[in-house]
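Peer 1:
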Amino acid sequence: NNIHANGQYGLIVLNPAGQEVDATLNWWGDATGPASDTELDNPHGADAAGDAVSDNVDFMPWYAMATTTPATQNVSVDHLGSIIAYSDTIQGGIDVVVSGDTINVAAGTYNEELTINKSLTLLGAQADVPIVNGVRAGEESIIRGKGTSPTTYLPSSVRVV
Numbered sequence: 063n064n065i066h067a068n069g070q071y072g073l074i075v076l077n078p079a080g081q082e083v084d085a086t087l088n089w090w091g092d093a094t095g096p097a098s099d100t101e102l103d104n105p106h107g108a109d110a111a112g113d114a115v116s117d118n119v120d121f122m123p124w125y126a127m128a129t130t131t132p133a134t135q136n137v138s139v140d141h142l143g144s145i146i147a148y149s150d151t152i153q154g155g156i157d158v159v160v161s162g163d164t165i166n167v168a169a170g171t172y173n174e175e176l177t178i179n180k181s182l183t184l185l186g187a188q189a190d191v192p193i194v195n196g197v198r199a200g201e202e203s204i205i206r207g208k209g210t211s212p213t214t215y216l217p218s219s220v221r222v223v
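Its first residue numbered 63, the sequence shown is counted upward by one per residue in this note's numbering.
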């Protein structure tokens, strides 16, 4: 679902009993997810720029891109042990990240240019395969620069596993 470009709220719940409404897996108009009455609900706090939600709305995880669907949510963003968003692109995941978060990338080919401007960890599909004698079987994560060979430069704050 796309919940964006609304007036004061994208979703408001008038429920004195405090029962939450499930509004997960929605696009809120911005990769940072919905602005929340209780800023602590969204890891981006006051910087969350999507449509606003009231209290009693469970909105995590959300979709980082308007194009993300259940069939394309191949990238997930982990914040302090909880998935906060899904994306169909790596850049969409990067746009969600709060500095220090982890982006989990499913196996596949992602033809996109990445702008990485914060500290993060990228985990490929084989990240959990143990390293034995300095070798990991099933290596598949390759990041290419603008040329044709794999890039050797990444900012020191970016970790690729």
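Cβ coordinates follow ideal geometry from the N, Cα and C atoms, glycine included.
Just to confirm the assignment, what range does the beta strand (DSSP E) spanning D140 have?
Peer 2: Translated into positions along the sequence shown, residue 140 becomes position 78. It spans V137 to H141 - the beta strand (DSSP E) in which D140 sits, taken as one unbroken run.
Peer 1: Roughly how many angstroms separate the alpha carbons of P96 and T171, rounded to a whole number?
Peer 2: On the sequence shown, position 34 is the one that residue 96 refers to. On the sequence shown, position 109 is the one that residue 171 refers to. Taking the straight line joining both Cα atoms gives about 29 Å.
Peer 1: Return the residue from the list G80, Q153, N166 and S161 that minimises the CA-CA distance to M127.
Peer 2: Taking the first residue of the sequence shown as position 1, residue 127 is located at position 65. If you compare the alpha carbons of G80, Q153, N166 and S161 with that of M127, the shortest gap goes to Q153.
Peer 1: Leaving aside the five residues before and after A147 along the sequence, list all residues of the same chain whose C-beta is less than 6 Å from its C-beta, in chain order.
Peer 2: Position 85 of the sequence shown holds residue 147. Excluding residues within five positions, the ones whose Cβ falls inside 6 Å are P123, W124, A126, V139 and V158.
Peer 1: In angstroms, rounded to a whole number, what distance separates the CA positions of Q81 and D113?
Peer 2: Against the sequence shown, residue 81 aligns to sequence position 19. Against the sequence shown, residue 113 aligns to sequence position 51. Rounded to the nearest angstrom, the two C-alpha atoms are 21 Å apart.
Peer 1: Residue range of the beta strand (DSSP E) that I145 falls in?
Peer 2: Here residue 145 is taken as the residue at index 83 of the sequence shown, counted from 1. Unbroken beta strand (DSSP E) run through I145: S144 to S149.
Peer 1: When you compare only the Cα positions, how much space is there between T183 and T130?
Peer 2: Along the sequence shown, one-based indexing puts residue 183 at 121. Along the sequence shown, one-based indexing puts residue 130 at 68. Looking at the two C-alpha atoms, the distance is approximately 21 Å.
Peer 1: Taking 8 Å as the cut-off, decide whether the C-beta atoms of V119 and I165 are in contact.
Peer 2: Locating residue 119 in the sequence shown gives position 57, counting from the first residue. Locating residue 165 in the sequence shown gives position 103, counting from the first residue. Against a cut-off of 8 Å, the Cβ pair of I165 and V119 comes out as no contact.
Peer 1: Quickly, what does DSSP pair Y125 with across the bridge? List them, please.
Peer 2: Position 63 of the sequence shown, counting from 1, holds the residue named residue 125. Answer is W89 and Y148.
Peer 1: Can you give me the start and stop residues for the beta strand (DSSP E) that T164 sits inside?
Peer 2: Against the sequence shown, residue 164 aligns to sequence position 102. From DSSP, the beta strand (DSSP E) with T164 extends over T164 to V167.
Peer 1: How would you label Q70, buried or exposed, when you count the other beta carbons within 10 angstroms and need 16 or more for buried?
Peer 2: Working through the sequence shown from its first residue, we reach residue 70 at position 8. Exposed.
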